[in-house]
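*Asks:* Note that this note's numbering has the sequence shown beginning at 232, numbered continuously upward.
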Amino acid sequence: MPSISETQELPLWLPTSYQDLNDLPPEDIVYQPNLGGSKVVRTAPGVLIKYRGDLAEEVNCLLYTHQHLSFRVPRVLHHPGDARQSNLWDPRTEELPDVWYICMEEIPGVQLKEVIDTLTPVQLEHVASQIKGILTEMHSLSASYIGSVTGGPFRNLYFFPDAIRPQHAWTKVSEFIDHFHRLLMTFGTEEYARELLANFPQDCPIYFSHGDLVPRNILVEGSTITGIVDWSMAGFYPEFWEYCRMYDESEQSKGWSQVLSMIFPGPRRDEQIASLHRMMGTLLYNL
232 MPSISETQEL PLWLPTSYQD LNDLPPEDIV YQPNLGGSKV VRTAPGVLIK YRGDLAEEVN
292 CLLYTHQHLS FRVPRVLHHP GDARQSNLWD PRTEELPDVW YICMEEIPGV QLKEVIDTLT
352 PVQLEHVASQ IKGILTEMHS LSASYIGSVT GGPFRNLYFF PDAIRPQHAW TKVSEFIDHF
412 HRLLMTFGTE EYARELLANF PQDCPIYFSH GDLVPRNILV EGSTITGIVD WSMAGFYPEF
472 WEYCRMYDES EQSKGWSQVL SMIFPGPRRD EQIASLHRMM GTLLYNL
């Protein structure tokens, strides 16, 4: 696979419509979710295009990670707002237009999800130690607000679809929790809302978080992590958010459970994990 510098020197094939992308041969598809979600296709050796939906927030997050973190993430090669891709813009003075595709570097490796249950205990320990280092580095980036890397409100459509998209960032964890309390009260009872939210602290550190740091988004060669992908949900969240998200039920396996037990020694926060997943499931189902 070409290096980053070699890839950047290649002439890029860029689409003019979704049809251009949909007309690519099926063998070029790298990732296609069963129901909705973004689709990823390979357009040249070492080059991917991700499309479907508004990907502006993922561009923001990829640019931010390249500026602040040392581990490997996909490098943005082009997107429709290309004139401004080399620097993070200030959203208070200029809005990023809708980004309907991202042309990016392909990171070598396979999804950890594909191999994790075949790894030896020593290899699993190696994976865990690397993820701990990644988390430590991300958590060294703190903020005085909860929201997007741009300083504004979250714009990711998975946690905050249009119906519940926030209008501003929050300055306190308690305000973040109050936001969810108001949402839950639109169709639930006070008792139900309090039951779910009681397991979250009203005050805790705010860290830069991936938001979906699970085996499908961790690429490996053997037990060596080659990169972290899909930054569409990243931003500044309360400490408990990343922790609970890493226990996503759909990603649990024997190997991942072992890795998590090494990353987070001590009693598992089961009630907190269950509350977050119940809350988000309830909101996304009803709104």
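Glycine residues also receive a C-beta, built at the ideal position from the N, C-alpha and C atoms.
Going by Cα to Cα distance, which pick from THR417, GLU337 and MET493 is closest to TYR262?
*Replies:* For the purposes of this step, residue 262 is identified with residue 31 of the sequence shown, where counting begins at 1. Answer by Cα proximity: GLU337.
*Asks:* So the alpha helix (DSSP H) SER215 belongs to, where does it begin and stop?
*Replies:* What the structure shows of the chain is the stretch from 232 to 518, and residue 215 is not part of that stretch, so it cannot be assessed.
*Asks:* Going by C-alpha to C-alpha distance, which of SER405, GLY378, ILE408 and HIS412 sits closest to GLN398?
*Replies:* Here residue 398 refers to the residue found at position 167 when the sequence shown is read from its first residue. Closest option to GLN398, Cα to Cα, is GLY378.
*Asks:* Let me check understanding here. Comparing Cα to Cα, which of GLY453, TYR389 and SER481 lies closest to ASP205?
*Replies:* Beyond the ends of the chain as shown, which are 232 and 518, falls residue 205; an answer cannot be given.
*Asks:* Return the bridge partner residues of ILE260 from the DSSP annotation.
*Replies:* The residue you call residue 260 lines up with position 29 of the sequence shown. In the DSSP output, where bridge partners are listed per residue, ILE260 has VAL272.
*Asks:* Can you give me the Cβ contacts of PRO446 inside the same chain, cut-off strictly under 7 angstroms, excluding the 5 residues immediately before and after it?
*Replies:* By 1-based counting over the sequence shown, the position of residue 446 is 215. For PRO446, where only same-chain residues beyond five positions count, the Cβ hits under 7 angstroms are GLN342, LEU343, LYS344, ILE347, GLU482 and TRP487.
*Asks:* Just verifying my parser: in three-state terms, what is the DSSP assignment at SER463?
*Replies:* As a first step, residue 463 must be located in the sequence shown, where it is residue number 232. Coil, per DSSP.
*Asks:* Using a threshold of 8 angstroms, state whether the C-beta atoms of PHE302 and ILE365 are closer than that.
*Replies:* By 1-based counting over the sequence shown, the position of residue 302 is 71. By 1-based counting over the sequence shown, the position of residue 365 is 134. It is a contact, given that the beta carbons lie within the stated cut-off.
*Asks:* Got a sec, what are the start and stop residues for the beta strand (DSSP E) LEU439 sits in?
*Replies:* Counted from its first residue, the sequence shown places residue 439 at position 208. It should be pointed out that residue 439 corresponds to Phe in this sequence rather than to Leu. Per DSSP, PHE439 belongs to the beta strand (DSSP E) from 437-440.
*Asks:* Which residues in the same chain have their Cβ closer than 8 angstroms to the Cβ of TRP472, if we skip the five residues on either side of it in sequence?
*Replies:* Here residue 472 refers to the residue found at position 241 when the sequence shown is read from its first residue. Taken in chain order, the residues that qualify are SER440, GLY442 and LEU507.
*Asks:* By DSSP, does VAL278 sit in helix, in strand, or in coil?
*Replies:* Position 47 of the sequence shown, counted from the first residue, corresponds to residue 278. If DSSP states are grouped into helix, strand and coil, VAL278 belongs with the strands.
*Asks:* From which residue to which residue does the alpha helix (DSSP H) around LEU293 run?
*Replies:* Residue 293 sits at position 62 when you count from the first residue of the sequence shown. LEU293 -> alpha helix (DSSP H) spans 287-299.
*Asks:* How would you write the range of the beta strand (DSSP E) that ILE333 sits in, first residue to last?
*Replies:* Stepping through the sequence shown from its first residue, residue 333 is reached at position 102. Note, ILE333: beta strand (DSSP E), 332-336.
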